[in-house]
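A.B. asks: Sending over a structure as structure tokens; questions will come in a sec.
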Amino acid sequence: LYGMAFVYKSRKYITQGVNLGMVRMHYTDSVDLLLKATAADAQRYGDAFLPLAEAAWNSQRLEEARSAAARAVEVTQGGAAENFMLGEVAFSQFIAANGDVANKDEADAHWQAAFDAFQAAAERDLGPKGDSLRWANARQKCGDALVWKGRTEDAAGEYAEAMGVNPSGMPYDQIMNSLGQESFLAALERAAEITGEQVKADDPSDATLLWWLGWARFANKDCDPGREAFEKSYAKWPSYTNCLW
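First residue of the sequence shown? That's 54 in the numbering used here, and the numbers climb one at a time after it.
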């Protein structure tokens, strides 16, 4: 009970912008308590494995986080949220191990585990009851992982799907820096096709995507289509006065 409460309190503190020291303290306390609970009766407290993984990951206790995330996936028979958490932890382990040539095999194993988990999370969310935002985030994470392996074209495809489904919630700066201007433009064009099929003309949810599409076209000296995208963005979100400039 206390362990779960500390996890929820940490989440609340994050949204409120409370001092990170307090967040880490509560996450650390929750790890110790939830480890005791799951060790005492893993079956009865099986729902604790996902918050335990979250708390351990945020406390940089990656081995404990990985073990808890794997158990959470097992308990839920491959749940989307559980796979996403497993991907986050394994990707952190990959980044930690990747800088050392001696740990190449270990790093590669962590990368594969992360990529597989993110893909599993996306596949689980494809149905009518799926979480479209988590699906988009999982696709973005697949793109991030592919960038680390130098597979830019594959990454652009993942990012395009993510931006198309969640056009207002993507880290466009990061994606642009990861792909380069040409591949970034191609991904945006594909994303705009997806939103064009799903978003109504008076829906402003894709205004940010359209702004970036205008900028990317302009940066690639495709000026008339760039102007068209800026005008569409401004029509949907008039506070984007930068479109006029």
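Yeah, the Cβ is synthetic: ideal placement off N, Cα and C, and Gly gets one too.
Remember, it's a predicted structure, so these values are computed and weren't measured experimentally.
#1: Whose C-beta lies closer than 6 Å to the C-beta of Ala208 among residues of the same chain, with five residues either side of it excluded?
#2: Compute the beta-carbon to beta-carbon distance between Gln234 and Ala272, rounded to the nearest angstrom, for a pair I have assumed lies under 8 Å.
#3: Going straight from the alpha carbon of Ala155 to that of Asp161, what length do you get?
#4: Using a threshold of 9 Å, state whether the C-beta atoms of Trp110 and Val60 are closer than that.
#5: Ordered along the chain, which non-local residues of its own chain (more than five positions away) have a Cβ less than 6 Å from that of Ala260?
#6: For a test of the three-state rule: what should DSSP assign to Leu54, helix, strand or coil?
#7: Leaving out the 5 sequence neighbours to the left and right, which residues in its chain are closer than 6 Å to Tyr80 when beta-carbon positions are compared?
#8: Terminal residues of the continuous alpha helix (DSSP H) containing Gln165?
#9: Near Pro220, what residues of its chain come up, given a Cβ to Cβ distance below 7 Å and the 5 sequence neighbours on each side ignored?
#10: Can you tell me where the alpha helix (DSSP H) with Ser83 in it begins and where it stops?
#11: On the DSSP letters alone, give me the boundaries of the alpha helix (DSSP H) that Leu232 sits inside.
C.D. replies: In short:
#1: Gly196, Leu199 and Val200
#2: 5 Å
#3: 12 Å
#4: Their beta carbons are not under 9 Å apart, which means Trp110 does not touch Val60 by this criterion.
#5: Ser286, Lys289 and Trp290
#6: coil
#7: Ser63, Ala108, Asn111 and Ser112
#8: Lys157 to Arg177
#9: The answer, listed in chain order, is Ala244, Thr248, Ser258, Asp259, Thr261 and Leu262.
#10: The continuous alpha helix (DSSP H) containing Ser83 extends over residues Leu73 to Ala93.
#11: Start and end: Tyr225 to Leu232.
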